[in-house]
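K.L.:
Numbering (mature numbering (1 follows the signal peptide of the UniProt record, and there is no 0)), first residue to last: -22 to -1, 1 to 236.
Provided herewith is a single structure, encoded as structure tokens, for subsequent inquiry.
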Amino acid sequence: MRGVRPVFLCFAVVVAAFEVRAESADAASGDDGIADYESLYLSAVESYLSGHWAQCVSRLKTALAAYRTHVGVVVGCRTKCRAGGKTGDECATSSSAFYIAQAAEAHCLRKCTGPWDRVSISEATIRDFRERLPYNYLQRCYFELGDTKAAATAAYTFLESNPGHSLVVFHLSQYLEESGLSNRDVASLENNEYQPPRFCPIVGELQKACEATQSYLLLLPDDADMWYNQAFYARLPSTQDSWFKARKVRQQNLTLLI
């Protein structure tokens, strides 16, 4: 390929930290069809470290697809179960009524999510997916295969959540130069609907910020920072109660993990 070859960090030192599993990624899907995307992801990292670029791309794409499906199921079920648990009596504040409602919602969630309810993901993998680290690996693997356009798209998607990552910013500029693309030619591989708001809402964007807090809390209902954001927005004089309504759930291109 023409142009300056991007300089990549050496990741060999992280092998022990990842404790990459020896199991084959081919066995990462159970009999119920639920993909073990943590095993797929760790196997993809192993492929990355060993220079098996095509295998790296294949396993990362499969892991990301399974991850989005999991998120779609969880968000959809939480929306359904919360709506189904409303009695219409918003003044019922007794402790017994509260716990009955909580138990009913939990039962609904277990039934709705089905086999996904048994999926157990480590905190390290949860953090990686939230921070879009798989796309950092993906951009390198695409580059090594000579697909600079796909590499640019993966790098751009990673930078949406990590705008201060100077090395990937440099890589993206090189990909664009080598492929003859411009910034307008690359688009995110993810939908930002469930990304946590990272900025104070500007004039005209407050309603979207309020909606974003509700969408995010559907996915991570115990997030203390997001509850703080919601309380902060609610205190603003121009805020309307009707704005605290989650956006319509989409089943594709969802980000974040439970």
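Positions of the beta carbon are idealized from the N, C-alpha and C atoms, including for glycine.
1. Within the chosen definition, does the region 40 to 59 reach the region 80 to 99 through at least 3 CB pairs nearer than 8 Å?
2. Comparing C-alpha positions only, which one of Thr47, His143, Gln192 sits nearest to Pro93?
3. Return the Cβ separation of Tyr153 and Ala130 in integer angstroms, given the expectation that the two are a contact with Cβ distance under 8 Å.
4. So, do the region 156 to 163 and the region 138 to 145 have three or more beta carbon pairs nearer to each other than 8 Å?
5. Looking at C-alpha atoms only, which residue of Arg105, Gly124, Gln117, Arg162 is the closest neighbour of Phe148?
6. Determine the burial state of Gln218: buried for a count of at least 16 other Cβ atoms within 10 Å of its Cβ, exposed for fewer.
7. Kindly indicate the opening and closing residues of the alpha helix (DSSP H) around Ile104.
8. Hey, could you find the ends of the alpha helix (DSSP H) Leu196 is sitting in?
9. What residue range is occupied by the uninterrupted alpha helix (DSSP H) comprising Ser157?
10. Can you look up His48 in the DSSP assignment and give me helix, strand or coil?
11. Near Cys178, which residues of its chain fall below 7 Å by C-beta distance, leaving aside the five closest residues on each side in sequence?
12. Suppose the cutoff is 8 Å on Cβ atoms and the five residues either side in sequence are ignored; what does the same chain contact list for Ser100 look like?
13. Cutting at 6 Å between CB atoms, please list the residues of its own chain near Ala133, excluding the five before and the five after it.
14. Can you grab the Cα-Cα spacing for the pair Lys223 / Gln185, in whole Å?
15. Judging by CA-CA distance, which residue of Leu195, Tyr115, Ala82, Gly50 is the nearest neighbour of Arg37?
16. Less than 8 Å between the CB atoms is what I'm expecting for Thr135 and Arg110, so what's the real figure, rounded?
17. Smallest Cα separation from Gln80: which of Phe121, Tyr26, Pro199, Trp205?
18. Output the distance between the C-alpha atoms of Leu20 and Val49, rounded to the nearest integer angstrom.
19. Would you kindly check if the distance between the Cβ of Val97 and the Cβ of Lys127 is under 9 Å?
20. Does the Cβ of Asn161 have 16 or more other Cβ atoms within 10 Å, making it buried, or fewer, making it exposed?
21. CA-CA distance, Cys34 and Leu195?
22. By a C-beta neighbour count over all protein chains shown, 10 Å radius and 16 as the cutoff for buried, is Ala22 buried or exposed?
23. Could you pull the start and end residues of the alpha helix (DSSP H) that Ala130 belongs to?
P.N.:
Well, looking at it:
1. yes
2. Thr47
3. 4 Å
4. no
5. Gln117
6. exposed
7. 101 to 108
8. 184 to 197
9. 144 to 157
10. helix
11. Because the pLDDT of Cys178 is 39, which lies under 50, any placement of that residue in the model is unreliable, and the question is left without a value.
12. Glu16
13. Gln117, Val146, His149, Leu150
14. 10 Å
15. Tyr115
16. 6 Å
17. Pro199
18. 19 Å
19. no
20. exposed
21. 32 Å
22. buried
23. 126 to 139
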